[in-house]
Amino acid sequence: MLTPMDIHNKEFKRGFRGYSEEDVDAFMDDLAGDYEKVYREYCELKERSEKLQDKLSQYEKMESTMNSTLMLAQQTAENVKVSARKEADLILQEAENKKKQMLDETTFNVQTTQKDMDKMKTQVNAFRAKVRSILTSQLRLLDDMVLEEEEVRTETASKEPAVEEKK
700 MLTPMDIHNK EFKRGFRGYS EEDVDAFMDD LAGDYEKVYR EYCELKERSE
750 KLQDKLSQYE KMESTMNSTL MLAQQTAENV KVSARKEADL ILQEAENKKK
800 QMLDETTFNV QTTQKDMDKM KTQVNAFRAK VRSILTSQLR LLDDMVLEEE
850 EVRTETASKE PAVEEKK
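Mapped onto the working numbering, the consecutive letters of the sequence shown carry residue numbers 700 to 866.
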């Protein structure tokens with residue numbers, strides 16, 4: 700690309716009956732001024748375009764970073780959900796196992812207590828039977844003692860008048 704200095708320094712060969720030097724120089728000066736202005740605008744626009752391109756690259760990098768961060772956040776959120784579900788399932792399973800264990804222990808305790816209670820009832824019934832048997836035998840013994848005593852009295856009473864009569 701031609702620079703304004705190239706235009707300004709350009710010299711043409713002179714020929715016989717060529718263009719008027721003053722007109723060409725004036726035109727070249729006007730052209731160089733206009734071209735210099737356009738060239739400056741071009742340089743400024745090129746510089747501005749490069750800056751905008753750099754900013755665009757930065758924004759594209761930021762967008763890429765944000766997208767990857769968003770994807771990572773979504774992935775992390777999904778992982779947290781899955782992990783929370785697994786943990787909840789595990790807690791529920793542990794609670795179910797503990798419930799079953801407690802129910803089994805309670806059932807076992809109830810059965811053991813029922814067996815112990817049945818044994819105690821049997822022992823109480825056996826004890827009652829023994830006590831009843833002892834009491835019955837004691838009552839018979841008492842009845843027998845009363846009968847013997849009455850017999851002794853009867854015998855004694857029947858012997859007493861005989862003893863009195865001898866006197």
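Virtual Cβ for every residue (Gly too), placed ideally from N, Cα, C. All values derive from a computational prediction rather than experimental measurement.
query: Backbone secondary structure at E795 - three-state DSSP; result: helix
query: Spatial distance of E848 from A828 (CA atoms); result: 29 angstroms
query: Three or more C-beta pairs below 8 angstroms linking the segment 767-781 and the segment 739-754; result: no
query: Local conformation of L701 per DSSP, three classes; result: coil
query: Supposed contact pair M727 and K712 - C-beta distance, whole angstroms, cut 8 angstroms; result: Wrong, their Cβ atoms sit about 14 angstroms apart, outside the cutoff.
query: Collapsed DSSP secondary structure at F711 in the structure displayed; result: coil
query: Three-state secondary structure assigned by DSSP to R747; result: helix
query: Assigned secondary structure, A856 (DSSP; H/G/I helix, E/B strand, else coil); result: helix
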